[in-house]
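Some notes on the structure that comes next.
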Amino acid sequence: MSWLVQPRLVNDPFSDPGVYLDFRYGRRAILFDLGDVGALSSRELLRVSHVFVSHTHVDHMAGFDRLFRLCLHRRHPLTLIGPPGFAAQVEHRIRGFTWNLLDENSVDFCLRAMEYDGGNLTRAAEFHAREAFARRDIGPPVFPKGVAWMEGEFRIEAVALDHGIPSLAFALREVLQVNVWRGALDELDLPPGSWLNEAKRAVRLGLPDDYPLAVPGGKCIRLGDLMGRVLRIAPGQAVAYVTDAAPHPENRGKILQLVREADQLFIEAVFLERDRALAIASLHLTAWEAGSIAREAGVRHVTPFHHSARYLSEPDVLREEVFASFRAFDRKAMEA
Numbered sequence: 197m198s199w200l201v202q203p204r205l206v207n208d209p210f211s212d213p214g215v216y217l218d219f220r221y222g223r224r225a226i227l228f229d230l231g232d233v234g235a236l237s238s239r240e241l242l243r244v245s246h247v248f249v250s251h252t253h254v255d256h257m258a259g260f261d262r263l264f265r266l267c268l269h270r271r272h273p274l275t276l277i278g279p280p281g282f283a284a285q286v287e288h289r290i291r292g293f294t295w296n297l298l299d300e301n302s303v304d305f306c307l308r309a310m311e312y313d314g315g316n317l318t319r320a321a322e323f324h325a326r327e328a329f330a331r332r333d334i335g336p337p338v339f340p341k342g343v344a345w346m347e348g349e350f351r352i353e354a355v356a357l358d359h360g361i362p363s364l365a366f367a368l369r370e371v372l373q374v375n376v377w378r379g380a381l382d383e384l385d386l387p388p389g390s391w392l393n394e395a396k397r398a399v400r401l402g403l404p405d406d407y408p409l410a411v412p413g414g415k416c417i418r419l420g421d422l423m424g425r426v427l428r429i430a431p432g433q434a435v436a437y438v439t440d441a442a443p444h445p446e447n448r449g450k451i452l453q454l455v456r457e458a459d460q461l462f463i464e465a466v467f468l469e470r471d472r473a474l475a476i477a478s479l480h481l482t483a484w485e486a487g488s489i490a491r492e493a494g495v496r497h498v499t500p501f502h503h504s505a506r507y508l509s510e511p512d513v514l515r516e517e518v519f520a521s522f523r524a525f526d527r528k529a530m531e532a
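Every position in the sequence shown, counted from 1, becomes a number in this note's numbering once 196 is added.
If you want it as structure tokens, here you go:
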């Protein structure tokens, strides 16, 4: 099966949180959170088109300067989405630098900062290089409630969790999974290649059967002639990211709804259950609760991260508790 994105943690579980979602096609990537990005190469960072920031504690935003600096001379924009007040924070960060060498001859790189209140995008601003990154307020895109971003192939769902401040959690959901059957290509005497990406895009957009597709060699074929033979449709990929959430029922309910049946859940596991008092005081999830949420939501794979440094001497204990909780619920289901 060919997933739309390949997600991975940016850092080890004891370092700054963040997930890098690399698109298999399109030379593009997305980031969930923007902490220390030193582990990512310049090439990887230049692929980033959108960053979804949970909140602006330093371990979730410290990588802004490096990403911004790398993008200064590229022509396509960078979009950052964060919680209420985020656009002003980005503006203040940019104003900390001097831009006297920028003019109308500069590459007009554009940075966009948008605010999401847990239900909708409410505010947006642009910062253009040729304007010395002066703030220009714009209208935010309008998406369905609960969606922080949406394109033809996927959407980013988001909720605001309680961390003493709003902390956003995200889930990328692919619209449809479209797979190519190579044997059928051979039967129809059609070559493999990048033209099939356009065919997949047409399926996800719901284009009609008579939509024409150019095939290498000067041929043309109808989309409908590929459906059911060359192209097989399945439910799309879902990747969820949850961090910095107080361990109480309201947050749990929101998380369960967001991450339902995700293929991959990245979820914080900051403290052991035996240290739950610390988790409550610092507004973080325990490893046991992270595992139980993953199982109750029916996710396929869970990856814990954002471990407290107090467990550095026993680095596997949090991961072990997450999976013990995950498997414990499996046993209960089998016994029921």
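We treat Cβ as the ideally placed atom computed from N, Cα and C, and that holds for glycine.
- Closest in C-alpha terms to residue 345, from the list 523, 228, 332, comes 228.
- Restricting attention to 398, 517, 255, the CA atom closest to the CA of residue 406 is found in 398.
- Exposed is the label assigned to residue 288, since fewer than 16 other Cβ atoms lie within 10 Å of its Cβ.
- Here DSSP, grouped into helix, strand and coil, assigns residue 467 to strand.
- In the three-state reduction of the DSSP assignment, residue 377 falls in the coil class, being assigned neither a helical nor a strand state.
- Shortest Cα-Cα distance from residue 339 to any of 327, 330, 313 involves 313.
- Straight through space, the alpha carbons of residue 450 and residue 324 are spaced by roughly 36 Å.
- Here residue 345 carries a strand assignment [DSSP, helix/strand/coil].
- In the DSSP annotation of this structure, residue 361 is not part of any beta strand (DSSP E), being labelled neither H nor E.
- Where residue 392 is concerned, there is no enclosing beta strand (DSSP E), although the alpha helix (DSSP H) around it starts and stops at 391 to 400.
- Under the Cβ criterion (8 Å, minimum of three pairs), the segment 465 to 473 counts as touching the segment 495 to 503.
- The Cβ neighbour count for residue 375, taken over all protein chains shown within 10 Å, is under 16; the residue is labelled exposed.
- A direct Cα-to-Cα measurement between residue 438 and residue 474 gives close to 19 Å.
- Looking at the backbone, the Cα of residue 331 and that of residue 479 are separated by about 34 Å.
- Relative to the Cα of residue 347, the nearest Cα in the group 356, 355, 337 belongs to 337.
- Taking a 10 Å sphere around the C-beta of residue 444, we find fewer than 16 other C-beta atoms and assign the residue as exposed.
- Taken in chain order, the whole alpha helix (DSSP H) runs of length 4 or more contained in the segment 235 to 304 are 238 to 242, 260 to 267, 282 to 291.
- Shown here for residue 221: same chain residues with a beta carbon closer than 7 Å to its own, the five before and five after excluded, namely 393 in chain order.
- For residue 225, the enclosing beta strand (DSSP E) covers residues 225 to 228.
- The alpha-carbon of residue 417 is positioned some 5 Å away from that of residue 409.
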